[in-house]
DNA sequence: CATGAATGAGGGTTCATTCAT
DNA sequence: GATGAATGAACCCTCATTCAT
């Protein structure tokens, strides 16, 4: 695990260890939150789950707020990373939308716990100063990608004339609704669910007379 | 619900006072939650917001769990009550769906804070014993109404052949996504938003070549 | 329950009602304490048990301290009243001691709940200002009666030469130990227990060679 | 109990610190309870008495229940430890009983506050779930030792024929009554008190014509 | 770097008491 | 006289955070 030939010694190594520790703690936090809810996710429990002492968490993260933020970002990044190939392979807006839906649902299917943790944090965690870690509607950046997609598709005639914002947030809503249900109903066939969504939004975005 | 001819005063009035207090506290709780998030919604802050002492909340509600539950139920009931006339006036499944979307968005538009509070509670509040107040996917009863609607519409040929469950939860997701955005972006025209949704799901559910 | 011919009306009647209310509340308090312990004996529960409102208790008693005191005194008085005939019938110190033991145990056997309540209060209730309602060792007045008895018995040669104080408190200890056990072990034959105690203290107090 | 040869330092030392803190807090709890009663023994007061913050108590003890339990156990263990040599040195049941009484009273004389605290807890503390920490009559195990002693003494003719249970609980009652009085009346000569008890129970248990 | 003992604020809850009705 | 809504203090406990070791 420890690369042998590296530019230079101590500093890099520490940074590597540090990264590993952070990853380890983030994973433990996600696991605890997914299993027992944000309400049970004290630093003590997260530390115990990670097999480290409480102080380590405080040492590697500025505070609980930062840890929670990092959990969310890690899942988001992993999701974006997992979805990227499929999306980039798409050549038309319509294919793009289908790829977005399929890869997103696939990621949820593959990481239900991670998603559960994110949902818990985003909707249930209150940072120190009040307010929210990610202000609701702050997934706008995420929706923005879809808005852009819909705009392009409308320009080239792939999609009918609708409000891209409404469509984008409806897609997000459709996806966000999946993870909680998937956790409670593991028997749901998410691949089929994805195809249903593809058909649903294909119909919803298709021009009147294609 | 309120009997018209009653012997008299005292008993009714006391009951009325109690009801008023509960309503007042429920309102204060909803306001605090909507503004600052469920995490800031301590009984102390709710009491202060209601202009009463902390003990009053415990006096009128068995505990925080009950208060949170009542906030949700109050909003749900009010919503169902507000939507009922429009929905009952619909004669076809397609009209029914449109009425559902319009009246639901209208209710959100009229009570954005209440809806916001409900979302915070349902997805972010951890009751005493752990778990969730309304287990996720426990809005299934709500989605059930839609499932039923879609089934009927498919039988009489109003809707194309799709998975009613997926469609129902997508509709719910589309609606649930609105309140948080409406709070943050008061400039959004929710009437137009509703029409967009009507068109969206009209297209999504329409038979191939009606 | 309400005597018809009384010296005078309203004032006496109120006093009578008042007395009844106090007795009723004292009984309810004793029952609650005996059943669920002093820790569960809130004024609210006592009031509910008595079938009256919380305010009534505060109205008839200066505070919880007074109520607790009255419960204890009521039981003590009833006990003294129940024991008096048997004790007064005794003609010698030795008979007196036996009568004391028998009648005391008999009273405990007949009123285990009352005794249980008293024990709970005396040893477990903390009055407002701190300290205790009946300072421990404050049953000295009760023991005094025994001390007096032993002194007389020693003077007339009925008893051997021992420290009357030690003997008196040992008798008290022997008796106080009974009620808790009687509550937990209802199968104990308290009449036989009393005879054992009579024999025990008869031997313990008897002169070397009577 | 304490292993003599151990690898080293750190682990033991930390364990030692923890033990010291627990002992310190237990002592503070006993002191507060002995002085002001169980009803005044809030964690806040105990912490203040120990010179630590409130949280420390919760840190070292799972809850108030555990702290109270530990106070009792500590005193019991110390008492058993203090009494053991004298009792084991006894060769006959009669000597055994005398040693039991003398060493027990001696322990009370040396630790009146500790005993007082134990009595307060055992008879006056209500654990969280209701009920009692040590169910009344749960000192039966303690009395059992005496019952066994009396049985043996009756078999070998040392003691007359009496109910060993009644005698055992009477001894316990005789002893339990001492601590509260000793606290309030420090002038009492407990060594003489012990001799009185020895004589008392010697007479009470002696065969008719020894 | 890591530890875990210690802190102290704040959480929800209970409850004796008061007082307008 | 009686009610019960309201109070406010005190309770135990949790927990993010700090810091000497």
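Residue numbers (UniProt numbering), protein chains in the order written: chain A, 1 to 210; chain B, 1 to 210; chain C, 1 to 210; chain D, 1 to 210. Glycine included, every Cβ here is placed at the ideal spot set by N, Cα and C.
Residue i to residue j span [Cα, whole Å]
i: residue 94 of chain C; j: residue 150 of chain C; result: 9 Å
i: residue 130 of chain A; j: residue 115 of chain D; result: 50 Å
i: residue 69 of chain B; j: residue 180 of chain B; result: 20 Å
i: residue 67 of chain D; j: residue 42 of chain D; result: 11 Å
i: residue 205 of chain A; j: residue 143 of chain A; result: 16 Å
i: residue 122 of chain A; j: residue 40 of chain B; result: 14 Å
i: residue 79 of chain A; j: residue 87 of chain A; result: 12 Å
i: residue 12 of chain A; j: residue 85 of chain A; result: Unreliable placement is indicated for residue 12 of chain A, whose pLDDT of 42 sits below 50; the coordinate value is still reported in the next sentence. Going from the Cα of residue 12 of chain A to the Cα of residue 85 of chain A covers about 31 Å.
i: residue 147 of chain C; j: residue 159 of chain C; result: 12 Å
i: residue 81 of chain C; j: residue 75 of chain C; result: 10 Å
i: residue 166 of chain B; j: residue 97 of chain A; result: 17 Å
i: residue 135 of chain A; j: residue 44 of chain C; result: 45 Å
i: residue 77 of chain D; j: residue 52 of chain D; result: 26 Å
i: residue 118 of chain B; j: residue 187 of chain B; result: 21 Å
i: residue 83 of chain C; j: residue 157 of chain D; result: 37 Å
i: residue 169 of chain C; j: residue 49 of chain C; result: 36 Å
i: residue 113 of chain C; j: residue 190 of chain C; result: 15 Å
i: residue 154 of chain D; j: residue 90 of chain C; result: 32 Å
i: residue 141 of chain A; j: residue 46 of chain D; result: 54 Å
i: residue 178 of chain C; j: residue 171 of chain C; result: 11 Å
i: residue 162 of chain D; j: residue 92 of chain D; result: 18 Å
Assigned secondary structure, residue i (DSSP; H/G/I helix, E/B strand, else coil)
i: residue 160 of chain D; result: coil
i: residue 11 of chain C; result: For residue 11 of chain C, the predicted model reports a pLDDT of 42, less than 50, meaning its position is unreliable; a value from the coordinates is still stated below. Three-state DSSP puts residue 11 of chain C in a helix.
i: residue 206 of chain B; result: strand
i: residue 123 of chain B; result: helix
i: residue 79 of chain C; result: helix
i: residue 69 of chain A; result: helix
i: residue 94 of chain A; result: helix
i: residue 177 of chain B; result: coil
i: residue 153 of chain D; result: helix
i: residue 111 of chain B; result: coil
i: residue 41 of chain C; result: coil
i: residue 53 of chain B; result: coil
i: residue 187 of chain B; result: coil
i: residue 2 of chain B; result: In this prediction, residue 2 of chain B has a pLDDT of 40, which is less than 50 and means its spatial position is unreliable; what the coordinates show is noted afterwards. Of the three classes helix, strand and coil, the one that applies to residue 2 of chain B here is coil, per DSSP.
i: residue 165 of chain A; result: helix
i: residue 35 of chain D; result: helix
i: residue 146 of chain C; result: helix
i: residue 128 of chain D; result: coil
i: residue 135 of chain A; result: coil
i: residue 61 of chain C; result: coil
Residue environment, residue i, which counts as buried when at least 16 other CB atoms sit within 10 Å
i: residue 3 of chain A; result: Note on residue 3 of chain A: pLDDT 41, under 50, position unreliable in the model; the coordinate value appears next. Result: exposed.
i: residue 173 of chain A; result: buried
i: residue 126 of chain B; result: buried
i: residue 73 of chain B; result: exposed
i: residue 33 of chain A; result: buried
i: residue 120 of chain D; result: buried
i: residue 176 of chain C; result: buried
i: residue 29 of chain C; result: buried
i: residue 61 of chain C; result: buried
i: residue 108 of chain C; result: buried
i: residue 201 of chain B; result: buried
i: residue 216 of chain C; result: Here chain C has residues from 1 to 210 only, and residue 216 of chain C is not among them.
i: residue 63 of chain D; result: exposed
i: residue 207 of chain D; result: exposed
How about the region 97-108 of chain B and the region 194-201 of chain B: do they share at least three Cβ pairs that are nearer than 8 Å? yes
When the Cβ atoms of the region 56-71 of chain B are set against those of the region 12-31 of chain B, are three or more pairs found closer than 8 Å? The region 56-71 of chain B, when compared against the region 12-31 of chain B, does touch it at the 8 Å Cβ threshold.
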